Structures are given as structure tokens and as C-alpha cells.
Amino acid sequence: MTSIMDPVFAPLLRLPPVAAIAIISLIISVLISIVYKFFTDQKKMHALKDELKDMQKEFKKHKDNPSKLKSLNSRMMQVNMDYMSHSFKAMMITLIPVIIMFSWLNAHLAYMPIEPDQAFTTTMVFKGNNINGMAAIDVPEGVEILGDKEVEVNDGKAHWVLKGKTGEYRLEYTYDNQVFERDVLISPELEYAPVRQPINKDSVKEIRIDNQPSKPLQIGSIKLSVIWTYVLFSLVFSMVTRKAFGLA
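This note's numbering puts the first residue of the sequence shown at 1, with every later residue one more than the last.
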């Protein structure tokens, strides 16, 4: 699914990740606002929203009247349900592009790429911490093992440190006379192979390439992941675009 989006959004990968995420968030916010504009009865939605505001004022006015509050609460629940039902169709339409974009962001920007001649770790994860023995890795030409080819399994994991030249390579892992394969992508561009590859065969759970998570936005001492950066931009742009389109 993410490959469908590559021709459209691939040029954004030339930008700093935070700029790419901001642009994607703006595009999605505009698309969502357009859908809500044309797939909802905005006159009805505004009326329901105004009614909710009036009832909130009534809540404050009758805060010492339990019977009145009960009646208001019942009515407010009904109005909220009515509001949600009017926006349900638009919400379902916009859900699809949002899911696609989350997948695309995860595939291209959630982790830092492994650059040429940069040391990186790959990990074989086993089903349980009580598994022991020796595991080995074989690498093709262009990839170098920084350490031992054969390592001991500790706490249900076996780790190797590698580095290599630009390219896509297939690594071979051996444990208990069984061979498991997975690919690694080494590139100066914003691209990488899937970090986790499920195996779920015999005692092996998965094989990881331990790319570092991307933290494209820093606010003070807090570094935000790609998803939280997207959420933050989306909240800001959604408020702006909803106001621009006059949405309830």
C-alpha cells in the first residue's frame, strides 16, 4: 500500500523530516476539511454545536439542581449522538487516507536510515529468555562483521554489529542447524528495510535491524517521534483549516 504513495510523496523525502511531516499534515488536514465540507450538513452541524454550547451554560446555571442536571445530561447525550451520526460518513471516508499516511510515515520516516560505513546492530530474538546456545551470521560481499561471526545467545537474544557499503543485502542467520534470512538496506537516503521481520518458527520469534528511532521535532528538552510530530501538526492545521472552511 505504501508503494502506491511513493511517486506522490517521494520528493518530500529530500526535505528535512520535520518539514516533510508538516507538509503531509497540512495536505491531510485540507483533504479532511474538504470531505467534511461536502459530506456533512454543516447547517445542521452548526445548530447542534450551538445547542451543545447553550446546554453547557445551562449546566453551570443549574449546578445545584440535580433533577435539572439529569434532564440536561440526557438531552446532551442525545445531541452528541446526533452530532456524531451526522459526521460518521465523513469520518469513515477520511479514515482511509489517514491510515495510509500513517503507514507511509512509518515506512519512510519513523526510523533513521543505516548509512554507508555506519556501524549498526542486528538482533535475533528468541521465544523466551531461557534459550541458550550459539547463533551465527553470514554476510554477503559489501557487508562486514564487526566482531565475532558466532555469538552466544543471552537473555533470549543474539546480537551482531555490522557495517557496509550502499546497497540492499540479504543476511543469513543460523541457529540450531536452521538458516533464517532477512534483508538490510544501507543508504544515505531516507529509506530502510522493515525494522522487524517476524519469523515465528521453532524457537525464533523475529529478526531485527536496530535502526535508531527518528525524533524529528524537539520542544525544549522533549524530542517527539514521527507519529507525535504528525499528531501535533495535525491538531494545529486542523484547527486552522476547519476555521477556514467554516466547519462546525
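Note that CB positions come from ideal geometry on N, CA and C, so glycine has one too.
It should be emphasised that the depicted structure is a prediction, and the values quoted were computed from it without experimental measurement.
Secondary structure at residue 62: coil, using DSSP grouped into helix, strand and coil.
In the DSSP assignment, no residue is bridged to residue 104. Going by DSSP, residue 242 is part of the alpha helix (DSSP H) stretching over 226-244.
Taken through DSSP and simplified to helix, strand or coil, residue 122 comes out as strand.
Straight-line measurement puts the Cα of residue 198 at about 37 Å from the Cα of residue 237.
Runs of the alpha helix (DSSP H) spanning 4 or more residues and lying entirely within the segment 26-54 do not occur at all. About 5 Å separates the beta carbon of residue 93 from that of residue 35, a gap short enough to meet the 8 Å contact definition. Excluding sequence positions up to five before and after residue 248, its CB lies within less than 7 Å of the CB of 42, 45, 46, 49, all in the same chain and listed in chain order.
Here residue 198 carries a strand assignment [DSSP, helix/strand/coil]. Restricting attention to alpha helix (DSSP H) runs no shorter than 4 residues, the segment 135-183 encloses none.
Within 10 angstroms of the beta-carbon of residue 170 lie fewer than 16 other beta-carbons, which makes it exposed.
Three or more beta-carbon pairs separated by less than 8 Å link the segment 182-193 to the segment 107-124, which places the two stretches in contact. Taking the Cα of residue 234 as reference, the smallest distance to any Cα among 196, 207, 15, 30 is reached at 30. Counting the other CB atoms within 10 Å of its CB gives residue 182 a total of 16 or more, which places it among the buried residues. If you look at residue 208, you'll find it in the beta strand (DSSP E) that goes 204-209. Counting the other CB atoms within 10 Å of its CB gives residue 146 a total below 16, which places it among the exposed residues.
The beta carbons of residue 105 and residue 226 sit about 6 Å from each other, so the pair counts as a contact at 8 Å. Take the alpha-carbon of residue 150 and the one of residue 130: they are about 19 Å apart.
The Cβ neighbour count for residue 124, taken over all protein chains shown within 10 Å, is at least 16; the residue is labelled buried.
Between residue 230 and residue 21 a beta carbon distance of about 5 Å is seen, short of the 8 Å cut, so the two are scored as contacting. Taking the Cα positions, residue 69 is about 31 Å away from residue 91. Beta bridge pairing from DSSP links residue 218 with 223. Closest option to residue 161, judged by alpha-carbon separation, among 208, 155, 200: 208. A buried status is given to residue 205, since no fewer than 16 other beta-carbon atoms sit within 10 Å of its beta-carbon.
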